[in-house]
Amino acid sequence: MGSITRALPLLLLLLCAHGAAAQHYLRLRPSPSEHLPVPDLREDPDPEHDPREQDLSEKTLRKKLGSHFDSNFMSIHLPTQLNASAPPDLPRLPMPADLKKLNLTETPYGRRVKVGKKARRKFHMYIFKSRPFCVLLVWKYSTGSAWKRRA
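Have a look at this one:
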């Protein structure tokens, strides 16, 4: 009996330590970072690698890009400054049909579970909101040798 009473606190200590070690697994979503390190562009200072004047013709460059030119991402001007404290305007997408049809009444083991309408809706919205990860875009100036600025 004495050895059991001495081993019980040790067992409880080990169980608590194991629970604390697995704490990071309980976070369901990673916490996003607002300030990602955008690496600087490495450019060769050799003028031999700089584009020639005829290569910097905006009409020719746009013609070569054709339908692949995206003015939102290939702009020669700085983007307008947005309010950083305001939440980003994400597109409001409809919930996919396969997610709406998700059957929550049966477990993988075949046991039936009763789920209320409110709980089912909350679970569907949780799954829908946690699926895509938000990507914040950062402007990076790519110097005059990559894309000529208008004077």
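Those letters in the sequence shown? Residues -22 to -1, 1 to 129, per mature numbering (1 follows the signal peptide of the UniProt record, and there is no 0), in order.
Glycine included, each C-beta is placed from N, C-alpha and C at the ideal position.
- So, are the CB atoms of Ile105 and Leu77 less than 8 angstroms apart? Within the sequence shown, numbered from 1, the residue matching residue 105 stands at position 127. Within the sequence shown, numbered from 1, the residue matching residue 77 stands at position 99. Closer than 8 angstroms, so yes.
- From which residue to which residue does the alpha helix (DSSP H) around Glu36 run? Counted from its first residue, the sequence shown places residue 36 at position 58. Element bounds for Glu36: 36 to 43.
- Query: What do you reckon, are the CB atoms on Val91 and Thr85 nearer than 8 angstroms?
  - Reply: Locating residue 91 in the sequence shown gives position 113, counting from the first residue. Locating residue 85 in the sequence shown gives position 107, counting from the first residue. Yes. Within cutoff.
- Query: Between Leu80 and His102, is the Cβ-Cβ spacing less than 8 angstroms?
  - Reply: Residue mapping note: residue 80 aligns to position 102 of the sequence shown, counting from 1. Residue mapping note: residue 102 aligns to position 124 of the sequence shown, counting from 1. Their beta carbons are under 8 angstroms apart, which means Leu80 touches His102 by this criterion.
- Message: Assuming contact is defined by CB atoms lying nearer than 8 angstroms, are Phe51 and Arg40 in contact in what I supplied?
- Response: As a working mapping, residue 51 is identified with position 73 in the sequence shown. As a working mapping, residue 40 is identified with position 62 in the sequence shown. Going by C-beta atoms, Phe51 is not nearer than 8 angstroms to Arg40.
- Member of Glu31, Lys107, Arg89, Glu21 whose CA lies at the smallest distance from the CA of Pro74: Residue numbering aside, residue 74 sits at position 96 when the sequence shown is read from its first letter. The residue with the shortest Cα to Cα distance from Pro74 is Lys107.
- Specify the secondary structure class of Arg89 as computed by DSSP and reduced to three states. For this step, residue 89 is matched to residue 111 along the sequence shown. Reduced to three states, the DSSP call for Arg89 is coil.
- Helix or strand or just coil, what does DSSP make of Glu26? Here residue 26 corresponds to residue number 48 of the sequence shown, with the count starting at 1. Three-state result, Glu26: helix.
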